[in-house]
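To keep things clear, I will list the structure first and then write my remarks on it.
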Amino acid sequence: MRPNLNRAETKGTSRTKAPRRKTVFQTSLTEQARFMRAWFDNPATTGAVSPSGRFLARSMAAHVDPQDEGLVVELGPGTGPVTQALIARGIAEDRLVLVESDSDFCRLLERRFPLAKIIQGDALDLTRTLGDKINGPIAAIVSSLPLLNLPDAQRLTLLGDAFKLMQGQGRFVQFTYGLTSPMPKHSKEDEAVGFSSQVSAPVWLNLPPARVWVYRPQLVAPCLERPKGQAKGGALIARMVREMRLRQARARASRIIGG
Ligand SMILES: C[S@@+](CC[C@H](N)C(=O)[O-])C[C@H]1O[C@@H](n2cnc3c(N)ncnc32)[C@H](O)[C@@H]1O
Numbered sequence: 017m018r019p020n021l022n023r024a025e026t027k028g029t030s031r032t033k034a035p036r037r038k039t040v041f042q043t044s045l046t047e048q049a050r051f052m053r054a055w056f057d058n059p060a061t062t063g064a065v066s067p068s069g070r071f072l073a074r075s076m077a078a079h080v081d082p083q084d085e086g087l088v089v090e091l092g093p094g095t096g097p098v099t100q101a102l103i104a105r106g107i108a109e110d111r112l113v114l115v116e117s118d119s120d121f122c123r124l125l126e127r128r129f130p131l132a133k134i135i136q137g138d139a140l141d142l143t144r145t146l147g148d149k150i151n152g153p154i155a156a157i158v159s160s161l162p163l164l165n166l167p168d169a170q171r172l173t174l175l176g177d178a179f180k181l182m183q184g185q186g187r188f189v190q191f192t193y194g195l196t197s198p199m200p201k202h203s204k205e206d207e208a209v210g211f212s213s214q215v216s217a218p219v220w221l222n223l224p225p226a227r228v229w230v231y232r233p234q235l236v237a238p239c240l241e242r243p244k245g246q247a248k249g250g251a252l253i254a255r256m257v258r259e260m261r262l263r264q265a266r267a268r269a270s271r272i273i274g275g
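Read in order, the letters of the sequence shown correspond to residues 17 to 275 in this note's numbering.
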C-alpha cells in the first residue's frame, strides 16, 4: 500500500515544516506596541514612547569595554535594544544583569536573552535590588532610566550607589533627551561633587535625538559611605570631597614643612 506522504516527502526531501519565524520588521512592531502600552500605563516610568533606535543603543554600548573584567549591569532595559547592542559589542550575554521594573518587559527579556540575569525590581534602590543576586565585580552600569523626572538628590544617590557597587571604579553610562547633564554637576550648595563626566555629540538618528553621558568617580573611598542620619546625595558627596581635599592639602603642607 502506498504510504501517505506529505508534499515535502513526495518531492524527495526529508524537510519538515520549519516553525514560522517573525521577521525583524514584525518583531520591532511587536516591541513598539508593547512599549507604547507601557507608556500609556505609566508614562513617567517608561520615559519614552518607543524603544531606543540602534544608533543610540550602539552609542551607549560603545562606552563599555568588553575587555574590562566583571559584570555589566543595565538599568531599565525595556525591550532590550541597548542589551542587544552590548552583546553586539562583544559583551558575553552571561555577563549581563538586567534590572527592569516592568513585568511584561522582564518576560520579554527572559525570552530574548536567556543567558542574562534578569532582576525585576527598582533600579533606584540599586544596592537592595541587586542584593546577593550577583557575585563578582561590576565593570560598568548602563542606564536608560528616565532620570529627568526625579529630584536631583535621588539621581545623585543612584550615582553614589552605583560607584559604591563598582568599588570606586568603572563607569556609569546614561542617555538623555535633555540638553544638560542628567546628573546635577553641582549640589544646592554649589559645590563640585565627586565625579567627572563626558558627553557625546547628539545622536541625531534617534527619535527624539539624544546624548550619552559617561560618569566616572573622581575621588572614590570617602564619597561612598553615607553614615546614618547624614545628608543625602550631592551635599554629602560635596562635604566628603571637601574634607578629603583638606586632608590632602594638610599632608602636602606637612611634607613641605618637614622638608
Ligand atoms: C526610556 S525606557 C528605555 C528602555 C530601553 N533601554 C530603550 O533604550 O529603549 C526606560 C525603562 O526603564 C524602566 N524603568 C523606569 N524606572 C525604573 C526603575 N525604577 N527600576 C527599574 N526599571 C525602571 C522602564 O520600565 C523602561 O523600560
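We put the CB at the ideal spot given by N, CA and C, even for glycine.
Spatial neighbours of residue 122 in its own chain (CB-CB distance under 6 angstroms, excluding positions within 5 residues in sequence) are listed in chain order as 116, 134, 136.
Put simply, the backbone Cα of residue 125 is about 32 angstroms away from that of residue 212.
Not one heavy atom of ligand 1 lies closer than 7 angstroms to the C-beta of residue 194. Residue ranges of uninterrupted alpha helix (DSSP H) with 4 or more members, entirely inside the stretch 77–150 and ordered along the chain, are 97–105, 119–128, 142–146.
Counting the other CB atoms within 10 Å of its CB gives residue 229 a total of 16 or more, which places it among the buried residues. Judged by DSSP in its simplified three-state form, residue 156 adopts strand. Annotation: residue 166 to residue 199 spans about 10 angstroms, alpha carbon to alpha carbon.
In the three-state reduction of the DSSP assignment, residue 196 falls in the coil class.
Here residue 190 is bridged, per DSSP, to 159, 229. Excluding five sequence positions before and after residue 77, the CB atoms of its chain that fall closer than 6 angstroms to its own CB belong to 101, 102, 105, given in chain order. Take residue 171, set aside five residues on each side of it, and the residues of its chain with a beta-carbon closer than 6 angstroms to its own are 163, 199, in chain order. The three-state reading of DSSP puts residue 214 in strand, counting E and B together.
With respect to the C-alpha of residue 153, the residue from 138, 190, 111 having the closest C-alpha is 111.
Judged by pairs of C-beta atoms under 8 angstroms, the stretch 171–184 does not touch the stretch 60–74, as fewer than three such pairs exist.
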